[in-house]
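Here the structure comes first, spelled out in structure tokens, and everything after it is commentary.
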Amino acid sequence: MATAQTATHSASANDHHDDHEHHDNFITKYIFSTDHKMIGKQFLVTGIFWAIIGGLLSIIFRLQLGFPDMELFWLKPLLGGWIDEAGKLDPNFYLALVTMHGTIMVFFVLTAGLSGTFSNFLIPLQIGARDMASGFMNMLSYWFFFSSGVIMFISLFIETGPASGGWVVYPPLSALEQAMPGSGLGMTLWLIAMTLFIASSLLGGINYITTVINLRTKGMSFSRLPLTIWAFFLTAVIGLLSFPVLFSAALLLVFDRSFGTSFYLSDIYIGGEALPNTGGSPVLYQHLFWFLGHPEVYIVLLPALGITSEVISVNSRKPIFGYKAMIISMLGITILSFIVWAHHMFVSGMNPFLGSIFMFLTLIIAIPSAVKVFNYLTTLWRGNLIFTPGMLFSIGLVSFFISGGLTGIFLGNSAIDIQLHDTYFVVAHFHLVMGSASFFGLMAGVYHWFPKMFGRMMDARLGYIHFWLTFIGVYMVFFPMHYIGIAGFPRRYYSWTNFEFSNMYTDLNMFVSVAAIITFGAQLIFLFNFFYSMYRGRIASLNPWRSNTLEWTTPLHPAHGNWPGEIPSVYRWPYDYSKPGAPEDFICQTVPLSATPESNLPHEQELVELEKAIIADEEEVLVANESKES
Amino acid sequence: MYVFLIAVGILLLISIIWMVYKIQTLVSVVKGSDKKVASGSNKVNAIMFVLFLVGTGGLMFWYSIKEFDNYTLPLASEHGAATDQLFWITMAVTGVIFIITHILLFWFPYRYQYKEDRKAAFYPDNNKLEVIWTVVPAIVLALLVIGGWKAWSDITRPAPENAHVVELMGYQFAWEIRYPGMDNVLGANDYRLTNASNVSGVDFSDKNAHDDFNTPVVVIPKGEPVLFKIRARDVLHSVFAPHMRLKMDAVPGMPTKFWFVATKTTEEMRAELNDPEFEYEIACTEVCGKGHFTMRRVINVVEPAEYRKWMADQKPYIVNNPALVENLSPELKELAEITISEHK
Chain F
1 MATAQTATHS ASANDHHDDH EHHDNFITKY IFSTDHKMIG KQFLVTGIFW AIIGGLLSII
61 FRLQLGFPDM ELFWLKPLLG GWIDEAGKLD PNFYLALVTM HGTIMVFFVL TAGLSGTFSN
121 FLIPLQIGAR DMASGFMNML SYWFFFSSGV IMFISLFIET GPASGGWVVY PPLSALEQAM
181 PGSGLGMTLW LIAMTLFIAS SLLGGINYIT TVINLRTKGM SFSRLPLTIW AFFLTAVIGL
241 LSFPVLFSAA LLLVFDRSFG TSFYLSDIYI GGEALPNTGG SPVLYQHLFW FLGHPEVYIV
301 LLPALGITSE VISVNSRKPI FGYKAMIISM LGITILSFIV WAHHMFVSGM NPFLGSIFMF
361 LTLIIAIPSA VKVFNYLTTL WRGNLIFTPG MLFSIGLVSF FISGGLTGIF LGNSAIDIQL
421 HDTYFVVAHF HLVMGSASFF GLMAGVYHWF PKMFGRMMDA RLGYIHFWLT FIGVYMVFFP
481 MHYIGIAGFP RRYYSWTNFE FSNMYTDLNM FVSVAAIITF GAQLIFLFNF FYSMYRGRIA
541 SLNPWRSNTL EWTTPLHPAH GNWPGEIPSV YRWPYDYSKP GAPEDFICQT VPLSATPESN
601 LPHEQELVEL EKAIIADEEE VLVANESKES
Chain B
631 MYVFLIAVGI LLLISIIWMV YKIQTLVSVV KGSDKKVASG SNKVNAIMFV LFLVGTGGLM
691 FWYSIKEFDN YTLPLASEHG AATDQLFWIT MAVTGVIFII THILLFWFPY RYQYKEDRKA
751 AFYPDNNKLE VIWTVVPAIV LALLVIGGWK AWSDITRPAP ENAHVVELMG YQFAWEIRYP
811 GMDNVLGAND YRLTNASNVS GVDFSDKNAH DDFNTPVVVI PKGEPVLFKI RARDVLHSVF
871 APHMRLKMDA VPGMPTKFWF VATKTTEEMR AELNDPEFEY EIACTEVCGK GHFTMRRVIN
931 VVEPAEYRKW MADQKPYIVN NPALVENLSP ELKELAEITI SEHK
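Read top to bottom, the protein sequences are chains F and B.
Note that the first sequence covers residues 1 to 630 in the numbering used here.
Note that the second sequence covers residues 631 to 974 in the numbering used here.
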């Protein structure tokens, strides 16, 4: 690794990585691997596992909401005491389900499963590096995540149930054991798991940032990075700056829970006794939490947008429209994501003047998002579109991003938010823009890079069926929630029949539940396709999507070190698709400008001389290396 | 038996899917379509996008129109008219964008589906376009925000002096309603004084507390400002009065407030909706534990004259339970006894 510290892999860059590869035994190859590709796959498989758990939890509470009269005895073998004598779900466990569904999906699936998988897998491959800056830290990152998952998983099965105060775990509810059973051991385990998760995120994030800055191959300037890498890079920056704040929030909560401090607690009378705590503020926790919580939305969304940019461009056979505008938008989102957090707290009791400020800041962040949508649309315009499953999921993502993004304009407006806050309108909004959009980004990535991960193709037709069932299903689940939300139905309600204003829409809720079950069922098609194709899929060609980026210049099964010989140099940006004059509709990043005089643009033609000098230098180095070796 | 049948059914279904899958794989190998850049499925997918657009678009319009009266809540507050208007203006603006972008998003796949003899346009950027679609959304959003900001400042400005004060205190799992009595000033409270006979922790050594009283229903006058003073004594709660377009968290240790003017009495609303059972309601919208979904209170909006009469009929805490003032100093006790005798 010592030789890989400079961006230019020059004279001494005869890395020995590929020599190590045949020493791998099962444990070092599949378990304690330091190879970024294996770690990426570990994150992916773990993410899929968690997605199944998170999905199943949501199905159980959708049964309660859609079929409130259903007898759930058949769930008793699984849930035991959480199903009472009448066959009803326990309301405390209902809250636990909602909480764990949120925590698992946001952190374990869409943060670790998405960023963890694709940042790890793609960063070295697309920037032309042998591996991550620190393979060991990378391995630690996965194993911290894994331990975090083990603890969270155990918490599902303890007697008092897992954490149940909503995924935001607002104190005092989450701080006081007397308030609900889930705030006991379950909450302790939640905090331990999240602490490990934060450590994992930071280890990963530091690695991604360092790798992107330091290990780019020769010629891979920042202005030639694929948008995927830009997205992963900025995501890592956001994570690095915001996760420590969540850690501090969690730490203070641990102190309040276990050591009698009063950071968040004040004037509380509960369980027949007045607690001694005074002077704390629950709103402080909300500020700290949302200082991560809001950037977190972009932590899950940006990688998905990056993946989509790449997949849409490749399959439109067209350069992404407005490459620079896309980067500026992402930079804008990165910066703005840190100064909009209090729009989650318009009615939390904070000073209304702050509400005004955050409303202005929030609606500014809609502008870069709008720019991205228009750029995606223009990329499709006059393209030559090939609907691979990855492409379908990317178009689906853009649709969700529009639908969910527009409802954000309602919620970011504090006056309108008074009515909509904590209703199903919010649930519809974030499940579309953050949940489903990021999930579709994940799917697009899996379908698109599966051939690079496993050297085989996934079945396209199953992919199409999976896409259409999921795409229609997701809309059938979340679109009706807008109506329910406008009607004022509050979130995290076990049942709505206690109120006259919400004692309706049982039919619509039933419809949503049925749609959710079908959509979940459709994921089984994906699971089959994924695992079957891993072993029995058609062998992939080296560059199945005829793509420009570097990962497709590696062998079918790249060994540890990725390229068998020298790392290729890069001579152009990654989006030379359908360039006028070129014989093919794509020109790989490794093709020098001097080799394509017929398609060079005027300003590129000027660079040819410069490039020739660089290539000549390189040849010298190569010759020198070879003579040294012999 | 059922389980067995279901298992067999699932097994059959899986094996059929499996067979179809194998057959189509073999067929595509024989036809050689897996070697082609874009197979026949490309066209199918392109058409599906258009069908999806038409189908779900139609469904959306049909349902939105059919259910309009169901999902729009009746409105009964002054500021609610402003926020509702903002809501529908935003709906109109975003609705237009939603429809246009989706038509483009789903029509392009059909229009520009892969053709072997065509080459995609090399169109990497256009600064003019980028500027347009940065500036136009910025202006539209600015207009929406300014509207929202005006309404928000209006709603959150201090309550008028003459506002009728009502205290709502959230606890697991109900709302405790306290009125300040004739002086319109709530007595002090201290959570350490809370007990079974003093749910709100009222401090009766404050003489303002002597005429305070509680009721099971929030009664407020129509057309006059009402100030909800909101607090919680255990965990977070949130007061949500959907018909008043009112929501504010109840925070332990940090009193919050929300003032508004109701525009229709309960009777008027009943007549308007032709629903003699109608009630204005308060719900909790901040998750607070097992009974979160049961924290219901009714708001009864009445004519101002009726409100004053009702107010005069109410008996303070200390009248109902003189034991509350037993341990006070002699002077305060004397004051309390005057209040008690007044209400007898």
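Ideal placement from N, C-alpha and C gives every residue a C-beta, glycine not left out.
Within 10 Å of its beta-carbon, does residue i have 16 or more other beta-carbons around it, so buried, or fewer, so exposed?
i                         : result
tryptophan 545 of chain F : buried
threonine 34 of chain F   : buried
glycine 811 of chain B    : buried
lysine 612 of chain F     : exposed
isoleucine 785 of chain B : buried
leucine 110 of chain F    : buried
glutamate 619 of chain F  : exposed
tyrosine 323 of chain F   : buried
proline 580 of chain F    : exposed
proline 226 of chain F    : buried
In whole angstroms, give me the CA-to-CA distance for residue i and residue j.
i                            : j                            : result
tyrosine 376 of chain F      : leucine 246 of chain F       : 33 angstroms
glutamate 898 of chain B     : leucine 683 of chain B       : 43 angstroms
phenylalanine 679 of chain B : threonine 388 of chain F     : 14 angstroms
glutamate 21 of chain F      : histidine 560 of chain F     : No answer about glutamate 21 of chain F holds up, because its pLDDT of 47 lies below 50 and its placement is not dependable.
asparagine 120 of chain F    : proline 592 of chain F       : 28 angstroms
isoleucine 48 of chain F     : asparagine 214 of chain F    : 31 angstroms
phenylalanine 233 of chain F : alanine 179 of chain F       : 41 angstroms
lysine 887 of chain B        : glutamate 797 of chain B     : 9 angstroms
leucine 823 of chain B       : arginine 863 of chain B      : 11 angstroms
threonine 764 of chain B     : asparagine 672 of chain B    : 33 angstroms
glycine 349 of chain F       : serine 669 of chain B        : 58 angstroms
alanine 804 of chain B       : phenylalanine 291 of chain F : 31 angstroms
isoleucine 192 of chain F    : threonine 362 of chain F     : 32 angstroms
methionine 874 of chain B    : glycine 710 of chain B       : 6 angstroms
alanine 706 of chain B       : threonine 893 of chain B     : 5 angstroms
asparagine 413 of chain F    : valine 775 of chain B        : 7 angstroms
leucine 420 of chain F       : tyrosine 532 of chain F      : 44 angstroms
Please confirm whether any heavy atom of the ligand ZN lies closer than 7 angstroms to the CB of residue i.
i                     : result
valine 931 of chain B : Looking at this structure, you won't find the ligand ZN or any other ligand, since it has none at all.
So residue i contacts chain F; which residues on that side make the cut at Cβ distance below 8 angstroms?
i                            : result
phenylalanine 752 of chain B : Lys318, Pro319, Tyr577, Ser578, Lys579, Pro580
Going along chain B in order, which residues have a C-beta closer than 8 angstroms to the C-beta of residue i?
i                     : result
serine 356 of chain F : Trp779, Trp782, Ser783
In the DSSP assignment, find the alpha helix (DSSP H) that holds residue i and state where it starts and stops.
i                            : result
valine 371 of chain F        : 352–380
isoleucine 328 of chain F    : 323–336
valine 674 of chain B        : 671–696
phenylalanine 479 of chain F : 460–486
methionine 878 of chain B    : Where methionine 878 of chain B is concerned, there is no enclosing alpha helix (DSSP H), although the beta strand (DSSP E) it sits in stretches over 876–880.
lysine 76 of chain F         : 76–79
I'd like the span of the beta strand (DSSP E) that includes residue i, first residue to last.
i                         : result
histidine 922 of chain B  : Here histidine 922 of chain B belongs to no beta strand (DSSP E), and DSSP marks it neither H nor E.
glutamate 797 of chain B  : 794–801
tryptophan 805 of chain B : 804–809
For residue i, which residues in chain B fall below 7 angstroms Cβ to Cβ?
i                            : result
valine 512 of chain F        : None at all; the shortest Cβ gap to chain B is about 13 angstroms.
leucine 635 of chain F       : Summary: the structure shown does not reach residue 635 of chain F, with chain F confined to residues 1 through 630, and so no result is reported for it.
phenylalanine 374 of chain F : Trp763
Could you tell me which chain F residues have their CB closer than 9 angstroms to the CB of residue i, listed as they occur along the chain?
i                      : result
leucine 734 of chain B : Leu377, Leu380, Trp381
What in chain B is Cβ-close to residue i, meaning under 9 angstroms?
i                         : result
proline 68 of chain F     : The contacting residues do not exist; proline 68 of chain F stays about 11 angstroms from chain B at best.
asparagine 548 of chain F : None at all; the shortest Cβ gap to chain B is about 13 angstroms.
Find the residues of chain F that neighbour residue i, judging by a C-beta separation of less than 7 angstroms, and give them in chain order.
i                      : result
alanine 637 of chain B : Residues of chain F passing the Cβ test: none, with the nearest at roughly 13 angstroms.
Could you name the residues of the stretch 906–940 of chain B whose beta carbon sits closer than 8 angstroms to any beta carbon of chain F, in the order they occur along the chain?
Taking 8 angstroms as the Cβ-Cβ cut-off against chain F, the residues of the stretch 906–940 of chain B that qualify are Glu907, Phe908, Glu909, Glu911, Ala913, Cys914, Thr915, Glu916, Val917, Cys918, Gly919, Lys920, Gly921, His922, Phe923, Thr924, Arg926.
At a CB distance below 8 angstroms, what residues from the stretch 808–823 of chain B approach chain F? Give them in sequence order.
Taking 8 angstroms as the Cβ-Cβ cut-off, the stretch 808–823 of chain B approaches chain F at Tyr821, Arg822, given in chain order.
So if I threshold CB-CB distances at 7 angstroms, which residues from the stretch 877–892 of chain B count as touching chain F?
Residues Lys877, Met878, Asp879, Val881, Pro882, Gly883, Met884, Thr886.
Residues in the stretch 411–422 of chain F with C-beta within 7 angstroms of chain B's C-beta atoms, listed in sequence order?
Answer set for the stretch 411–422 of chain F: Asn413, Ser414, Ala415, Ile416, Ile418, Gln419, His421, Asp422.
Residues of the stretch 753–771 of chain B whose Cβ lies closer than 8 angstroms to any Cβ of chain F, in chain order
Going along the stretch 753–771 of chain B in chain order, one finds Tyr753, Pro754, Asp755, Asn756, Leu759, Glu760, Trp763, Thr764, Pro767, Ala768, Leu771 with a Cβ nearer than 8 angstroms to chain F.
Taking Cβ-Cβ distances below 7 angstroms as the criterion, which residues of the stretch 243–269 of chain F are in contact with chain B?
Taken in chain order, the members of the stretch 243–269 of chain F whose beta-carbon sits within less than 7 angstroms of a beta-carbon on chain B are Ser266, Asp267, Ile268, Tyr269.
Contact residues within the stretch 281–299 of chain F, judged by C-beta distance below 8 angstroms to chain B
Going along the stretch 281–299 of chain F in chain order, one finds Ser281, Pro282, Val283 with a Cβ nearer than 8 angstroms to chain B.
So if I threshold CB-CB distances at 7 angstroms, which residues from the stretch 87–107 of chain F count as touching chain B?
Residues passing the 7 angstroms Cβ filter: Pro91, Asn92, Leu95.
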